[in-house]
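In our numbering, the protein residues as written are 789 to 925. Glycine is no exception: its CB is placed at the ideal position from the N, C-alpha and C atoms. What follows is a short report on a single structure.
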């Protein structure tokens with residue numbers, strides 16, 4: 789992949805810049821979205837195309853799920869009630885995700901939530917109030 793421009797003084801070309809490119813990949817479970825950040829530097833008068841450098845990238849491991857350009861993919865924590873339980877779920881593709889809880893946000897003491905199985909936690913809805921986050925190391 790390259791770009792060659794021979795005009796010695798192109799007024800519209802930034803001689804050095806970063807560009808983002810979005811992509812989507814077809815996998816067995818659906819379309820996965822991602823982005824690339826490429827650094828481009830114009831080489832004036834040279835026979836070689838302008839070099840591109842891959843600066844950073846990210847791809848969404850969950851199919852059909854949006855990703856914010858320039859940021860890493862993040863899991864989505866979903867909450868619902870089933871019977872007398874509060875159920876917290878996220879996609880099992882996030883194998884390294886840790887569900888944490890705390891009783892207060894003013895002085896949070898985040899602790900891992902016990903009893904998480906298959907990216908799902910069931911907590912008694914009548915239990916104490918709390919706050920939850922899904923952390924990826």
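- Query: Counting pairs of Cβ atoms below 8 Å between the stretch 887-904 and the stretch 835-853, do you hit three or more?
  - Reply: no
- Per DSSP, residue 827 is paired with what? 806 and 841
- Residue range of the unbroken beta strand (DSSP E) whose run includes residue 859: No beta strand (DSSP E) contains residue 859, which DSSP labels as neither H nor E.
- Message: How far does the beta strand (DSSP E) with residue 908 in it extend, from its first residue to its last?
- Response: 908-912
- Message: Helix, strand or coil for residue 881? Go by DSSP, reduced to three states.
- Response: coil
- Query: To which residues of the same chain is residue 804 closer than 8 Å at the C-beta, ignoring the five residues directly before and after it?
  - Reply: 827, 828, 829 and 830
- Query: Which whole-angstrom value describes the C-beta separation of residue 885 and residue 878, a residue pair presumed to lie in contact below a C-beta threshold of 8 Å?
  - Reply: 6 Å
- Exposed or buried, residue 863, counting other C-beta atoms within 10 Å across all chains shown (16 or more means buried)? buried
- Task: Find the nearest neighbour of residue 905 within the set 876, 813, 859 and 833, judged by alpha-carbon distance.
- Result: 876
- Item | Pick from 915, 911, 825 and 907 that is closest to residue 880, judged by C-alpha positions | 907
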